[in-house]
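Under the working numbering, the final residue of the sequence shown carries the number 233; numbering is consecutive throughout.
A virtual CB, placed ideally from N, CA and C, is assigned to each residue, including glycine.
Have a look at the structure below before the remarks.
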Amino acid sequence: MTPFIECRNVSVRFPSFRRKTSITGLNEINLSLKAGDRVGLIGSNGAGKSTLLRVMRQVYRPTSGTFRASGTSVLLAALETGMEGDLTGVENAKVLMRYWGIAGDRFDEVIADLYEFTELGTSLFEPLHTYSSGMKLRLAFAMATFQKPEILLLDEIIGVGDANFRAKSAKRLLGGFGQDSILVLASHSSEIIQEHCTQAAVMEHGHLLFFGAVADALKFSK
């Protein structure tokens, strides 16, 4: 089935026991995305970008309104989730295969991919606690992007690491990305939005203020 995403009056509220009330994460979001859409989410911290991505991945359920989607989806956010410091890179790969739903019989394929993409070499057989933060990122990113989803949701992932890794990760994410797939990318970088997206949504305090062409959205957000 062709992938799509539809939000109709979607609101998300989080309980706040300190305030004895609720905190609004999203407020009546209306948004429809179809196959081939490349959408950037623009807004400051607390605008609701990450919350919207988690609704799209069905991590959060709307408090009110309706959300519908079709297609396999992956949310790339906190990449190091599920990794264990006392395990080697290869052992962590086995753990992450289950986390990302990669079939066990693809283990050799996964390890070959790790060697080629991460360039970690024999460090893959060393405990994770000996890795630098950059090495951990390479391992986690490679595992998270091993399979190509129909809906790819990115939360500030493009733009991390050194220049070479940023270029390599962007190529891996988008080079083999299906033409009919949907990309939703949250970023504080207008350059990244302009490079990878054709449309953009401007958000503020959980509200969707504007949705349209990237150039128009960036102008609106200033």
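Asked, Found
"Anyone know if the C-beta pair for residue 78 and residue 66 falls short of 9 Å?", "yes"
"Opposite residue 18 in the DSSP bridges: which residues?", "42 and 78"
"Helix, strand or coil for residue 200 per DSSP?", "coil"
"Can you tell me whether DSSP reads residue 193 as helix, strand or coil?", "strand"
"Just to confirm before moving on: does the CB-CB distance between residue 59 and residue 37 stay below 9 Å?", "yes"
"Determine the burial state of residue 140: buried for a count of at least 16 other Cβ atoms within 10 Å of its Cβ, exposed for fewer.", "exposed"
"Measure the C-alpha to C-alpha separation of residue 127 and residue 15 and round it to an integer number of angstroms.", "33 Å"
"Going by DSSP in three states, residue 132 sits in which element: helix, strand or coil?", "helix"
"Hey, could you find the ends of the alpha helix (DSSP H) residue 101 is sitting in?", "100-110"
"Might you give, ordered along the chain, the residues of its own chain that have their beta carbon closer than 6 Å to the beta carbon of residue 209, omitting 5 neighbours on each side?", "49"
"Between the Cα of residue 149 and the Cα atoms of 96, 173, 25 and 225, which residue gives the shortest distance?", "173"
"Does the stretch 158-170 come within contact of the stretch 91-104, defined as at least 3 CB pairs closer than 8 Å?", "no"
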